[in-house]
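J.: Take this structure, written in structure tokens, and hold onto it; I'll ask about it next.
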Amino acid sequence: MFAASVPVEKTFEIWPGRLSFAAGGAGARDALDAATDMARSLARAVIEDAELLAQGGDVLPRGVAGRHALEAVVPFRDVQGGDLPPPLAALPGAICDTVLDAMRRAAGEADFIIVALGNAAALHMEPGIALPPDADMPPVLAEFARALGPGIQGGVALGGIHSAMPTCGALDMVAVQSKSAAIAGFAAALAADAAATGFTPPKGDMPRDRLLAAGWAGRAIARAPGLVEPEAIWDALSASVRQASALRDRRLLSAAALGFRGRGRTIGPIDGDRLLRFGVSEWR
-18 MFAASVPVEK TFEIWPGRLS FAAGGAGARD ALDAATDMAR SLARAVIEDA
32 ELLAQGGDVL PRGVAGRHAL EAVVPFRDVQ GGDLPPPLAA LPGAICDTVL
82 DAMRRAAGEA DFIIVALGNA AALHMEPGIA LPPDADMPPV LAEFARALGP
132 GIQGGVALGG IHSAMPTCGA LDMVAVQSKS AAIAGFAAAL AADAAATGFT
182 PPKGDMPRDR LLAAGWAGRA IARAPGLVEP EAIWDALSAS VRQASALRDR
232 RLLSAAALGF RGRGRTIGPI DGDRLLRFGV SEWR
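For the sequence shown, position 174 (counting from the first letter as 1) is numbered 155 according to the numbering used here, and the numbering increases by one without interruption.
So this is what it looks like as structure tokens:
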């Protein structure tokens, strides 16, 4: 395993928060210039696209990230097991994917490229290159990405009570790796929602963000429960694991880690013992 070269990085404000992008190696500064240009272009359409995706139904987003988010949802449409999350769940990851594609075109050869927004990140790590220790993404998401090992490609995302996206299930956290950040974001939301079939959580408030509130209108948004019996913890985890395993069988995710009240499950090639920030004392 090789250490990543010293990164160059920038940030850009875009819905739903701060977009950060970093690159290392040859062409890194050209990649950041391309990322800034792409982020400015995406910002012109992202709110309008988010509004359309929040409405659901047959919509055609104007921006490239909005269209990418809609395409990411298509393979999930015949997935069994309850209602799908709103397509809006894929949009932050779609923004990351679109910026990363622009950076790769501009960079030529690069040791790594990282684009993160909210609880999603798109990653390009050359073989043998590990995620830099100071990667600008949520700590739990970075911990998950490091547990995947060097040479990561595609995207990672978080779902669950402690993620930025609303959920119908009670799991504290669901982390997913897939071939794109948009697909990872949607898969994480879907796996997190599945926990509601194993344990009914208390009802929470709608999100303060008006776009998220519109996307999840009419759904039972969960909040963190109080004391949960061990059997209920296992039932909730098992329900989400079944959904995540079904998605892996369909190649809609490569690996996942799920945590709830100190217990956790992993799916795919990931070492649960390395997931120190999940607050899980026992992985099975």
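All C-beta atoms, glycine included, are put in the ideal place defined by N, C-alpha and C.
1. Can you give me the C-alpha to C-alpha distance between residue 216 and residue 13, rounded to a whole angstrom?
2. Taking 7 Å as the cut-off, decide whether the C-beta atoms of residue 185 and residue 200 are in contact.
3. Contact between the region 35 to 51 and the region 88 to 105 is defined here as three or more beta-carbon pairs at a separation below 8 Å; is this criterion met?
4. Closer than 6 Å: is that where the CB of residue 118 sits relative to any heavy atom of the ligand FMN?
5. Tell me, which residues are paired with residue -5 by DSSP?
6. Whole angstroms are fine: how far does the CA of residue 265 sit from the CA of residue 270?
7. For residue 166, I'd like the list of residues in its chain whose CB is within less than 7 Å of its CB, leaving aside the five on either flank, ordered along the chain.
8. Any idea which residues DSSP pairs residue 280 with across the strands?
9. Which residue marks the beginning of the alpha helix (DSSP H) containing residue 133, and which one marks its end?
10. Go through its chain and collect everything with a Cβ distance to residue 129's Cβ below 7 Å, but skip five positions before and after it.
11. Give the single residue among 154, -5, 124 whose Cα lies nearest to the Cα of residue 170.
12. In angstroms with no decimal places, state the Cα-to-Cα distance between residue -9 and residue 43.
13. Where do the N-terminal and C-terminal ends of the alpha helix (DSSP H) with residue 19 fall, by residue?
14. I'd like the list of long-range same chain contacts for residue 81, defined as Cβ closer than 7 Å, with 5 residues on each side in sequence excluded.
15. Between residue 32 and the rest of its own chain, which residues show a CB-CB distance below 8 Å, the 5 nearest in sequence each way excluded?
16. By DSSP, does residue 166 sit in helix, in strand, or in coil?
17. So, at 6 Å on beta carbons, what are the nonlocal neighbours of residue 188 in its own chain, with the 5 sequence-adjacent residues on each side left out?
18. Classify residue 109 as buried or exposed, calling it buried when 16 or more other Cβ atoms lie within 10 Å of its own Cβ.
T.: The structure says:
1. 45 Å
2. no
3. no
4. The model on display carries no ligand, and the ligand FMN is accordingly not part of it.
5. -2
6. A query on residue 270 cannot be resolved here, the shown segment of the chain reaching from -18 to 265 and no further.
7. 70, 71, 73, 74, 101, 138
8. Examination of residue 280 is not possible in this model, given that the chain is present from -18 through 265 alone.
9. Here residue 133 belongs to no alpha helix (DSSP H), and DSSP marks it neither H nor E.
10. 158, 236, 251
11. 154
12. 26 Å
13. 9 to 24
14. 94, 96, 103, 105
15. 192, 195
16. helix
17. 147, 194
18. exposed
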